[in-house]
Amino acid sequence: MFRTLRLFFSCLAYAALAGTLFALGSALLSPLCRDLIGSQTRYDVIVVLGGGGMENGALMADTASRVDAGVALFQSGIAPAMHMTGGVNRPIPFVPTAEVMKDRAIASGVPASTITTEGLSRSTLENALFSKGDLDGKSLIIVTEGYHLWRSWLSFYWADMQPEGMCKPHAFHAEGWQRSARATVREALALWFNLARAVLWKVADLFGYPHVLGSYFLH
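Under this note's numbering, residues 349 to 567 are what the sequence shown spells out, in order.
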């Protein structure tokens, strides 16, 4: 019994370590968006992922920085279109994060006609799955926080899209090291949680029964 418990907790410790290294690798090794400005590589769409919803009707600092980084890429000519993805994470105001992200991009000079939105998702897996209708068959560059990039890329790959690029506005949270530390721990846990959900969803979808898992399964 003791050996079994020790093995169990050892596995948990190794999983936590692997998740933390994954998040840190994503944060530290992924390219900064500003370093891609001037690149000759071109994409069809810049995909900006919302994070953390809104606070008092305004975008959280991390989401705002993602939008600004995406706008800078758009204005550099790296892609002719943008896609904002993010649903309602808080009941008040009942406005999808993606719509507020779009408004911010428009205020920065991006034409409204070049922006699509997805406003139902509440998780990274849903960001990818619910955006597929707008993005399928297009070359993509993903913009999100550094620690979140690798998991985001995997989520879009899981949804049968293959992003060709990705970048971060900054490696960690703009709001300081404490927020960055919490986000890294959360990302380490989310990696395995999302992996389990993604596998179960794919198995259910393979047999034609994803609805059995319920509408909240991927939240």
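Glycine is no exception: its CB is placed at the ideal position from the N, C-alpha and C atoms.
Treat the numbers as computed from the prediction; the structure is a model and nothing was measured.
Suppose contacts are defined by Cβ-Cβ distances below 9 angstroms. Is residue i in contact with residue j by that definition?
| i | j | result |
| --- | --- | --- |
| residue 384 | residue 413 | no |
| residue 501 | residue 514 | yes |
| residue 395 | residue 488 | yes |
| residue 483 | residue 566 | no |
| residue 492 | residue 516 | yes |
| residue 389 | residue 426 | yes |
| residue 453 | residue 422 | yes |
| residue 444 | residue 436 | yes |
| residue 374 | residue 494 | yes |
| residue 392 | residue 486 | yes |
| residue 490 | residue 478 | no |
| residue 369 | residue 519 | no |
Can you tell which of the options has the C-alpha that lies nearest to the C-alpha of residue i?
| i | options | result |
| --- | --- | --- |
| residue 419 | 450, 471, 526, 357 | 450 |
| residue 367 | 553, 526, 537 | 537 |
| residue 530 | 457, 430, 372 | 372 |
| residue 447 | 430, 466, 462, 458 | 466 |
| residue 540 | 365, 551, 415, 353 | 365 |
Can you check whether the C-beta of residue i is within less than 9 angstroms of a C-beta belonging to chain D?
| i | result |
| --- | --- |
| residue 455 | Protein chain content of the structure displayed is limited to a single chain, and chain D is not contained in it. |
Classify residue i: buried if its beta carbon has 16 or more other beta carbons within 10 angstroms, exposed otherwise.
| i | result |
| --- | --- |
| residue 377 | exposed |
| residue 433 | buried |
| residue 410 | buried |
| residue 559 | exposed |
| residue 556 | exposed |
| residue 564 | exposed |
| residue 357 | exposed |
| residue 476 | buried |
| residue 528 | buried |
| residue 554 | exposed |
| residue 499 | buried |
| residue 544 | exposed |
| residue 397 | buried |
So who's on the other strand from residue i, going by DSSP bridges?
| i | result |
| --- | --- |
| residue 515 | 491 |
| residue 430 | 394, 463 |
| residue 446 | DSSP output for residue 446 lists no bridge partner at all. |
| residue 561 | Looking at the DSSP assignment, residue 561 forms no beta bridge with any residue, so it has no partner. |
| residue 380 | 516 |
(request) List in chain order: all unbroken beta strand (DSSP E) runs of 3+ residues lying wholly within the segment 456–490. (result) 463–466
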